[in-house]
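All remarks here apply to the structure that follows.
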Ligand SMILES: [Zn+2]
Ligand SMILES: [Zn+2]
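Numbering (the numbering used here), first residue to last: 1 to 260.
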């Protein structure tokens with residue numbers, strides 16, 4: 001599997017001087033295995049994704065917060081007649097997914113329904129575990145206001161776990177540890193410092209320290225901290241990253257590629 005970070009910023013896209021290194025696009029991670037491609041979330045990072053693939057790519061949405069769907073409206077593939085993209089939404093069924101998608105992407109908030117674009121957007125039922133080409137995909141609920149799915153992608157004997165928009169609580173933590181046990185790469189929400197977390201309990205995010213605690217408990221080989229605070233500059237993020245001092249742990253930055 002090959003992971004490309006297309007967007008690692010949380011909550012809101014930013015574009016300004018001093019944020020070039022980590023990047024300001026919101027959550028989107030491209031995972032490729034052989035001729036197959038899965039996108040984890042469709043934040044504004046999706047605009048940097050390629051549009052040509054041997055097989056139709058699958059977009060998995062962890063939840064429906066705007067920062068995770070922001071890129072869908074301008075994904076180039078949806079303008080390519082005859083090209084299919086599959087989308088799996090965390091809704092009870094395809095019909096309610098379609099309704100949610102149209103609620104966000106339809107007039108007066110958006111010129112047209114994404115289901116009426118030249119490229120075909122096919123909604124896939126959210127049934128896990130799911131086999132998608134070279135990928136085996138599992139899921140479990142995380143802990144975030146309104147809910148959020150945690151995903152595990154496995155292929156070629158390797159696995160990665162995507163734990164975005166996750167707030168640590170003692171309840172349910174052991175299930176997450178079991179789910180992520182021994183994974184090769186753990187992507188984990190590290191938006192807040194521990195001090196910030198104390199005043200933002202219930203907002204649904206974690207800190208690098210909590211991610212490291214999970215990595216150690218589940219025995220993940222590497223930890224990639226994601227969903228960076230949009231208000232921080234590169235300098236502030238570098239300082240926070242430098243405080244970590246743990247092997248196999250770093251902050252994701254846009255354009256980064258990790259081979260598993
Ligand atoms: Zn988010
Ligand atoms: Zn969220």
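For glycine and all other residues, C-beta sits at the position ideal for the given N, C-alpha and C. Being a predicted model, the structure only gives us computed values, none of them experimental.
Asked	Found
Is there contact here, the stretch 131–140 with the stretch 6–13, by at least three beta-carbon pairs under 8 Å?	no
In terms of residues, what are the limits of the alpha helix (DSSP H) holding residue 85?	No alpha helix (DSSP H) contains residue 85, which is instead part of the beta strand (DSSP E) from 84–88.
Looking only at its own chain, which residues have a Cβ that is under 6 Å from the Cβ of residue 162, when we skip the five neighbours before and after it?	40, 151, 187
I need the boundaries of the beta strand (DSSP E) containing residue 135, first residue and last residue.	135–141
Would you decide whether residue 180 is buried or exposed? Buried here means 16 or more other CB atoms lie within 10 Å of its CB.	buried
Over the uninterrupted alpha helix (DSSP H) stretch that includes residue 221, give me the two end residues.	Where residue 221 is concerned, there is no enclosing alpha helix (DSSP H), given that its DSSP letter is neither H nor E.
Tell me the DSSP bridge mates of residue 4?	30, 257
Along the chain, where does the beta strand (DSSP E) that runs through residue 59 open and close?	58–60
Taking all protein chains shown into account, do 16 or more other C-beta atoms lie within 10 angstroms of the C-beta of residue 246, making it buried, or fewer, making it exposed?	exposed
Straight-line CA distance for residue 36 to residue 42?	17 Å
Nearest to residue 82 by CA position, among 239, 119, 145, 131, is which residue?	119
Should residue 105 be flagged as near chain D, meaning a C-beta pair shorter than 8 Å?	The question asks about chain D, but that chain is absent: this structure has only one protein chain.
What does the shell around ligand 2 hold, if a residue joins when its beta-carbon is under 5 Å from any heavy atom?	65, 165
Specify the secondary structure class of residue 9 as computed by DSSP and reduced to three states.	strand
If I measure Cβ to Cβ from residue 67 and keep anything under 7 Å in the same chain, skipping five residues before and after, which residues do I get?	10, 11, 12, 26, 27, 43
Helix, strand or coil for residue 233 per DSSP?	coil
Round the Cβ separation of residue 6 and residue 49 to the nearest angstrom and send it over; I've been treating them as touching at under 8 Å.	6 Å
Helix, strand or coil for residue 261, going by three-state DSSP, please let me know.	Past the edges of the chain, shown from 1 to 260, lies residue 261, and the structure says nothing about it.
Go ahead and pull the three-state DSSP assignment for residue 215.	helix
What residue range is occupied by the uninterrupted alpha helix (DSSP H) comprising residue 178?	173–180
Hey, out of 146, 226, 199, whose CA is closest to residue 211's CA?	226
Could you please give the first and the last residue of the uninterrupted beta strand (DSSP E) stretch that includes residue 186?	185–189
Pick helix, strand or coil for residue 155, following the three-state DSSP scheme.	strand
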